[in-house]
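Report on the following structure.
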Amino acid sequence: MKKVLLALILVAGSFFTSQAQKFAYVDSQYILSKIPDYKLAQDQLNQLSVQWQKEVESKYSEIDQLYKAYKADEVLLTEEMKQKRQAEIEQKEQEVKDLQKQRFGVNGDLFKKRQELVKPLQDKIYNAVQALAEREGLAVIFDKSSDLTMLYTNPKYDKSDEILKDMGYSTSGKEKKE
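Under our numbering, read the sequence shown as residues 1 to 178, first letter to last.
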């Protein structure tokens with residue numbers, strides 16, 4: 001049994017070494033930085049984020065004012081009035097938390113807007129990468145900007161500028177950093 005397994009490993013190893021794989025990498029952050037539509041999308045997302053953050057902060061400020069007014073009046077209020085004011089403050093706090101979740105949560109408005117604005121650009125990059133891989137017979141294309149750790153990259157295998165050219169964008173201007 002061990003001999004058969006060893007033979008299979010040797011055959012598989014010789015097959016894979018005879019089939020030289022071609023690899024390349026791209027830097028999707030670099031590519032996105034060269035696309036004007038991405039910069040516009042980021043600006044729009046930042047503006048929305050600031051606007052929605054101000055909206056949330058404004059609501060928290062209102063709650064703070066209600067709480068201060070409650071504390072100032074607390075000695076004058078009956079137990080029933082205290083409970084009513086506390087309930088009102090808690091309700092407002094919950095409303096703000098819900099608003100914050102709606103705007104900035106996992107599937108919130110900001111996430112949806114980012115999907116709407118950035119995903120088409122990412123899809124365009126993916127399609128260009130796929131076309132490049134098919135055209136050049138590449139087995140794998142890594143993304144240098146992802147969580148994948150690349151300890152060394154030879155610039156001759158960097159296809160980022162080629163992807164930009166395929167997408168119709170200029171690569172002139174500031175040179176890419178390594």
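Glycine residues also receive a C-beta, built at the ideal position from the N, C-alpha and C atoms. All values reported here derive from a predicted model rather than from experimental measurement.
Check	Outcome
Given Ile125 as reference, the closest of Asp37, Phe23, Lys22 once Cα atoms are compared	Asp37
Cutoff 8 Å; reference Asp166; Cβ partners in own chain excluding five residues on either side	Ala128, Ala131, Leu132
Sequence-distant residues of the same chain with beta carbon closer than 7 Å to Lys82, five excluded per side	Glu74
N-terminal and C-terminal residue of the beta strand (DSSP E) that Ala24 is part of	23-26
Euclidean distance between Cα positions of Ala12 and Asp27	Here the model assigns Ala12 a pLDDT of 46, short of 50, so the residue's position is not dependable, and the following value carries that caveat. Those two C-alpha atoms are separated by around 33 Å.
Selected residue, minimal CA-CA separation from Glu183, among Arg103, Val50, Asp64, Leu40	Since the first residue of the chain shown is 1 and the last is 178, residue 183 is not available in this structure.
Start-to-end residues for the beta strand (DSSP E) that takes in Asp166	Counting along the chain, Asp166 falls outside any beta strand (DSSP E), though it belongs to the alpha helix (DSSP H) covering 160-167.
Where the alpha helix (DSSP H) through Val129 begins and ends	109-136
Host beta strand (DSSP E) of Val140 (start-end)	140-143
Reference Gln29; option with closest CA among Leu138, Gln122, Glu116, Ser58	Gln122
Which of helix, strand or coil DSSP assigns to Leu151	Low local confidence applies: a pLDDT of 48 at Leu151 is under 50, so the model's placement there is unreliable, with the coordinate-based value given in what follows. Looking at Leu151 - three-state DSSP - the assignment turns out to be coil, as it is neither helix nor strand.
Buried/exposed call for Arg103, threshold 16 Cβ in 10 Å	buried
Start-end ranges of the alpha helix (DSSP H) lying completely within the stretch 43-110, minimum 4 residues	79-104
Environment of Ser160 [buried if 16+ CB atoms lie within 10 Å]	buried
Under the three-state DSSP convention, the category Lys34 falls into	coil
Close beta carbons around Leu110, own chain, < 8 Å, minus the five adjacent residues each side	Leu45, Leu48, Ser49, Trp52, Arg103, Phe104
Classification of Lys54 by the beta-carbon crowding that lies within 10 angstroms, buried from 16 upward	exposed
Residue burial classification, Ala139 (beta-carbon count within 10 angstroms, cutoff 16)	exposed
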